[in-house]
Amino acid sequence: MNPEAFLFWFLSIVTVSAGLAVVLLTNPIYAALSLAMTMVGVAAVFVTLNAYFLAGVQLIVYAGAVMVLFVMVLMLFDLKAEIQAFSRGNLSGFLKIGSVAMLGGLIIGAIVMSSNSLLGNNLPDLVVEADGSKQLGKLLFSKYLFGFEALGVLLMVVAVGAVALARSKGGTHAKH
Amino acid sequence: MSHQLLISTLILSPLIGFLINGLRYKRHSANVAGGVATAAAAISFLSAILIFMELLAMPKEGRQIAVNFFEWMTVASLKINMGFLVDPLNVIMILIITGVGSLIHLFSVSYMHHDEGAAKYFAYLNLFLFNMLVLVLGDNLLVMFVGWEGVGLCSYLLIGFWFKDSDKAAAGMKAFVTNRVGDAAFLLGMFLLFVSFGTLNFQEINNMVPADPTFSWLSPLTLGTLFLFIGATGKSAQIPLYVWLPDAMAGPTPVSALIHAATMVTAGVYMIIRLNPLFLHTPNTMLVIAIIGGLTAVMAASIGLTQWDIKKVLAYSTVSQLGYMFLAVGVGAFTAGLFHLMTHAFFKALMFLGSGSVIHAMHEEQDIRKMGGLKKHMPITHFTFLIGWLAIIGMPPFSGFFSKDEILWLSFHSPLGHPALWALGAVGAVMTAFYMTRLMALTFWGKSRVPQDVHPHESPALMTIPLIVLAILSAFAGWLGVPHVIGAALGHLPNILAEFLSLNIKPIPNLAEANVTTEIILMSVSVGFALISAALAYHMYVRNPELPGKFTEKVKGLHNFVYNKYFVDEAYEGSIIQPLVQTSKSIWFYVDVNFIDKATYWISDIIKGGGSLVRSLQNGNLQTYAMYVAIGLVMTLTFILVR
Amino acid sequence: MLNTDIFTQIGLNHYLFLSAILFVIGMAGVLLRRNAIVLLMSIELMLNAVNISFVAFSKYSGKMEGQIMVFFVMTIAAAEAAVGLALAVTIFKRFREVNIRFFEHLKG
Amino acid sequence: MLLSSLVFLPILFALIMVVWPNKTTLRPLALGLSLIQFALSLTIFWKFDPSSSALQLVEKYPWIERFGVNYYLGIDGISLWLVILTTFLLPIIIVGSWQAIEDRVKGFHAALFVLQTAMLGTFLAIDAIFFYIFWELSLVPMYFMIGIWGGSRRIYATIKFFIYTMVGSVLMLVAIIYMMFLTQEAFGTMSASLIDFYRLDIPFIAGQFFSLQTLLFFAFALAFAIKVPVWPFHTWLPDAHVEAPTPGSVILAGVMLKMGTYGLMRWTIPLFPEAAEYWAWLFLLVAVVGIVYGAVVAMVQPDIKKLVAYSSVSHMGYIVLGLFAFNETGMTGGLYQMLNHGISTGALFLLVGMIYERTHSREISKYGGLAGVLPFFTIAFFIVTLSSIAVPLTNGFVGEFLILLGTFQANPGFAYVAVSGVVLGAVYMLWMFKRVFFGPKGELVKDESHPLHDLSPREFAVLIPMGVMIFWMGLFPNHFFHWSNASIKHLVESRSNYILTVKDTNTKTQSAALVEGE
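Printed below as a string of structure tokens:
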């Protein structure tokens, strides 16, 4: 087993089990912490894929900002472990789990079936240069400039909207 | 005067009378209304006489007046003219109709004097005359049908004239509906004839009839004539559709005289005579007609033996006499049929009017058990009634004798006849003699059984004059159609009627030379038996009034059966009317409401059920929706992969 | 002999498998959890799973567009989390409840 | 421009109704406008050439050119009388509803005028889509008329009425669209014109239900059969009639049912001649069943209006019978019976409405002896009854006779059964007449506190035109046949290959000018 393989297996086990924990743990705080763990794992996976810039962003945005937001909200709500964390209903529960499992199986099946046609067999080992961040930056500010700007506007709107929502009493259900 | 104008006057003057009386129907003066109506009828009668003279003035072969007012219906090959044709056959009819009609109008003026609906009554009566004239004069089957239904309608209105009595209204309805059954068959007969000949014009049909008779039951012409005959049984009250006529006596008595004795009910006979070449072409139908006629004659007469209502007796008598007419036309003796139609119109109108006079005198009492001995109170009525009685029982030399004898003889002698038919006719004649004598005896003769508070009196002149005129006609009209054998015996008296009608009526085919001896024997037998039976009736009801009671006591079952008119009404009620109403109700309830309508509910229920099923999917739960997305993804992916 | 290549030769498919598994786990969370906030977290999980795919494709096809897309996805995810949480806050403020079963006003 | 103004003037009138400020002058105004409309429709006779079977007074303007949909109006002998019937009935209905409708008078008259547009459009439209729009439009005012001014179960009745007719017409829409595609295949350009539809040669396979012509035939026929209504689809009719206000009933029975039979005559039979011929037995059968069924069910109805409604089922059966006899006699009778039924059943509903206004009951058993109390009313009712049971010299007889004769010529078996309707018709009408008008006075008639009044002058004004028409049509049917004969003859004779030519409005004058020039 070479280091690469080891790293991959290790990271995937960590990420998947943290992901499972997000879904399975009944206490929202633990779930949030597990999510943070998953984020970190994903960031590490990005590193193995040579996407250093993205790995950094992932850590800063997700594991940093978003997770803090989640945890803050949770703390604001002061939630305990839930007695009924999972939705009820035998039939619908079965259907949900079944459909999710089917979906997973199908996606994996699809990947296996199409692996030959995806990128051809002789995959280049490492194509992306180490200084991928530079390429990314160039691309982002030239070809995808409009998308970038649009995202900026979106974030602006979201910021305003979130504030407005949080400030309003009773939100959309307010009775005037 | 032009023919068009003459015929218009003839037909339209009763219509105008109807309109005048109809528009002022709220005025209750019977005299004015009756005056107008009678004048209208009289004008009509005058024009009928003028037309008759006009015809006589014509050369014998060309005796006909055709008038076409306008084209009524023209569709494809169907071309119906509002056309009228006068020829020797129907000129006799219009004379009877307008003549007897005028007399009855006159009679009614007095009879309906106290009725508040007099104007309405006279309006209806005039309308009836109009329709009857249209029926008789129409030059094609459809115009005849106009009158045919029209007279039925007037009959309906007049039978139900006193509509406040539910039974009388019901009798009117019964008459109309029974007639409608006949009319439906008449329509079918018309269709068959139209399909066969391509025309409904009488002359064209009669000219187109194939020379050789058809013996198939299913040939269109046999079926057509049979259907026409069923139509005739409705209008002319023959088995099986005769049931309405006795009930029709609910109407005012002059109406019974005019419509239900003299004119309307003979329309069926007239129609068959009108189409005589066609009927001769279908001997099967002729046989049916003769049998039905003979049976009706006997059956109605037998019911007449037992009835207590003066008008009911006369009604059954009418049915029976109509049976004779059908017997006559059934054996091909069309002239005799028309002859009897004419004499019957006179003496039966006379007797009905006489009974009207009696009823008037008795203050609306119709039960002959409460009469008797009226002879001395009402001499004129009695005398005229007596003549009617002599005529109907076939006493020579009164009119009924000639016509009835002619029928009986031809039913025996004609190649289409049969001794059995003669026997039916003879039995009917014997019964007629009995019940008519019984009627005379119970009404006019013997001891008075009149209740104390009723004081019968002779009717006013307005009522007796028509009686007298009709009595004269009843007495002497027979000489118009003297049978060959008697004519020969009395020195070559011609049969005026037969000669006059020869243009219209085909002679009976293959008629053998008459055997004088046989004819005289048969004549004597029927007259003799009739006399014996009349004498018997006189004996039973005048000499020994307790005898009939004893006799009926002995044959109680049979008497009941006959007295209740063989339970035909009940049988129709039970087998047709009630089942029809019950079936209709169950069809409405079970089929219409609970099946056809419910079936649409089932469809809407399915849709509604489907809707609520789908609605339950949309339960508002975000996660369920997400699950649908997942399931959708699964399905899409499966589809892509499997394909 | 067990072919161990599948364990040692890490390729595109491995990353895709990892992405698929994470995605499915996130989806299961969305479907099964009742806490609105955990729901949002599960959505983040799904987005991250997709991101892995993008980056993996980007690496193995040698194109930067995959990474650009990841960049966008992250931004959107952040925005979504912000709005979602803001909503959660307002709802909680009114109903004192974040149980998703409680909000079934879309019921037909 | 004549036909356009005829069709669309009522819309303008409806707008006038809506904005008219004065409530008291509303009814006279509506009456005046409807009379104008009637007079306008009579001017058709000046321009119409009865000797030609072609489509006349045609107006055609492109509308949706991409799909070949045109604004296309035209008239021929088949639609002529139905148009006149429609315009004739409207003033009568307005006068007839003078007192029956008390609330929302504006809306009511507006609805009447919109309905008028829809009905006239249906009869005059020559373009399938145009036709369909009018066909559906007619539902809307009727829906409101029953739903707003109707009786106690009016909502039920409206929904039933609406859904029933909708089901059929949606099938028809599908068929129309399909036929438009067929025209594209056949002629290269898409067209919704009826005249192009006639030119189509649609393959027909005998005995196979799922063949093109048969399916299209049934799609059209079902829509019309529900509207007529032919026997098993009739159950909406009694409910709609019973709940509808008097004017609604009159217009429903008088004109709207005719849209179905007109459709059969104008669309179904000539468009799908082979299928129509092949399946004629089915229609004859349901027609005959309808005649007998309607009559026997009418016989036992406790409610006068329901009785009249079921009698409509019976009468409409006659019309379908006549149309599917496929000969001139039957078709003429069918067309004539449409007019007769419009007049006589319309009049019956008016009369029932008049007595309902007086007593607020339609229960037969509560009446009796009316003849002694309301003589003029009785006479009017009796005359209409005569027309309804087809007594000669009234209009009903001519139609019924021609239908039965035509059926007999084509298919005697059905005529033998249908003739029983003649008897049953007399039974149910006269039985009802006897129970309502004759006999001892019933509880409603006796009631001293509510003395009944005989016909008012207004009611005479309503009934006299009807009575005149009854006798005019019975005595002089040729006056009416004269205008429709050519079209019906053409329809019958060239049915298997029906083509409707368009008569150029100018030809008449042009040829006249030519003659003069020579």
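Protein chains in written order, with my numbering: chain A, 1 to 176; chain B, 1001 to 1643; chain C, 2001 to 2108; chain D, 3001 to 3518.
Even glycine gets a Cβ: it sits at the ideal position worked out from N, Cα and C.
Computed from a prediction, not measured in an experiment: that's the story for all the values here.
(1) Taking its Cβ as the centre, do 16 or more other Cβ atoms sit within 10 Å of D/HIS3479, making it buried, or is it exposed?
(2) How far does the beta strand (DSSP E) with D/TRP3063 in it extend, from its first residue to its last?
(3) Can you tell me whether DSSP reads D/PHE3326 as helix, strand or coil?
(4) What residues of chain A sit near C/ILE2043, judged by a beta carbon separation below 9 Å?
(5) Tell me the DSSP secondary structure of B/ASP1212 in three-state form.
(6) Does DSSP classify C/ILE2021 as helix, strand or coil?
(7) Beta-carbon of A/MET113 versus every beta-carbon of chain B: anything under 9 Å?
(8) Look at the Cβ atom of C/LEU2040, then the Cβ atom of A/PHE141, and state whether they are nearer than 9 Å.
(9) Which residues, in chain order, does the segment 1619 to 1631 of chain B contribute to contact with chain C at a C-beta distance below 7 Å?
(10) Tell me the rounded alpha-carbon separation between C/LYS2063 and C/ASN2051.
(11) Is the segment 3220 to 3240 of chain D touching the segment 3303 to 3316 of chain D, taking contact as three or more C-beta pairs under 8 Å?
(12) Would a check of beta-carbon distances place B/VAL1614 closer than 9 Å to chain A?
(13) Do the segment 3032 to 3039 of chain D and the segment 3470 to 3488 of chain D touch if we need at least three Cβ pairs shorter than 8 Å?
(14) Starting from the Cα of C/ALA2056, find the closest Cα among C/ALA2078, C/PHE2017, C/LEU2085, C/ALA2088 and give me that residue.
(15) Could you please give the first and the last residue of the uninterrupted alpha helix (DSSP H) stretch that includes B/ILE997?
(16) Which one or two residues does DSSP pair with B/PHE1084 in a beta bridge?
(17) Give the residues of chain D in contact with B/LYS1585, contact being defined as C-beta atoms less than 7 Å apart.
(18) Would DSSP call B/TRP1072 helix, strand or coil?
(19) Leaving out five residues before and five after A/GLY120 in sequence, what residues of the same chain have Cβ atoms less than 8 Å from its Cβ?
(20) Work out the CA separation of B/ALA1237 and B/HIS1382 for me, nearest whole Å.
(21) What is the C-beta distance between B/GLY1337 and B/VAL1269, in whole angstroms, given that I count them as a contact (C-beta under 8 Å)?
(22) Is B/VAL1067 close to chain D? Criterion is C-beta to C-beta, closer than 9 Å.
(23) I need the DSSP call for B/VAL1645, collapsed to helix, strand or coil.
(24) Just the C-alpha distance for B/ILE1205 and B/HIS1413, rounded to the nearest angstrom, thanks.
(25) Grab the span of the alpha helix (DSSP H) containing D/TYR3262 for me, first residue to last.
(26) Quick one: is A/MET39 near chain C, going by C-beta distance under 9 Å?
(27) Mind reading off the beta-carbon distance from A/LEU145 to C/GLN2067? Whole number of angstroms is fine, and I expect it under 8 Å.
(28) Does DSSP put A/ALA166 in a helix, a strand or coil?
(29) My output table needs one value for B/ASN1544: the three-state DSSP class, helix, strand or coil.
(30) Hey, how far is the Cα of A/MET102 from the Cα of A/PHE94?
(31) At a Cβ threshold of 9 Å, is B/VAL1581 touching chain A?
(32) Does B/TYR1156 get closer than 9 Å to chain D when you measure Cβ to Cβ?
(33) Taking C-beta pairs closer than 9 Å, name the residues in chain F that D/TRP3098 reaches, listed in chain order.
(34) In the DSSP assignment, what residue or residues form a beta bridge with D/VAL3069?
(35) Using C-beta distances below 8 Å, list every residue in its chain close to D/GLU3059, excluding the 5 sequence neighbours before and after it, in chain order.
(36) Say whether chain A places a C-beta atom closer than 9 Å to the C-beta of B/THR1638.
Reading it off the structure:
(1) exposed
(2) 3056 to 3064
(3) coil
(4) Under the 9 Å cutoff, chain A gives no residues; its nearest Cβ is about 11 Å from C/ILE2043.
(5) coil
(6) helix
(7) yes
(8) no
(9) ASN1619, GLY1620, ASN1621, LEU1622, GLN1623, ALA1626, MET1627, ALA1630
(10) 15 Å
(11) yes
(12) no
(13) no
(14) C/PHE2017
(15) Absent from the structure is residue 997 of chain B, since the part of chain B shown begins at 1001 and ends at 1643.
(16) B/VAL1067, B/GLY1138
(17) VAL3300
(18) strand
(19) Per-residue confidence for A/GLY120 stands at a pLDDT of 49, beneath the threshold of 50, marking its modelled position as unreliable; the derived number appears in the next sentence. Counting only Cβ-Cβ distances below 8 Å, and skipping sequence neighbours, we find nothing.
(20) 28 Å
(21) 6 Å
(22) no
(23) A query on residue 1645 of chain B cannot be resolved here, the shown segment of chain B reaching from 1001 to 1643 and no further.
(24) 28 Å
(25) 3257 to 3263
(26) yes
(27) The Cβ separation is near 16 Å, so there is no contact.
(28) helix
(29) coil
(30) 12 Å
(31) no
(32) yes
(33) Absent from the structure: chain F. Protein chains present are A, B, C and D.
(34) D/ILE3064
(35) MET3001, LEU3003, SER3004, TYR3071, TYR3072, LEU3073, GLY3074
(36) yes
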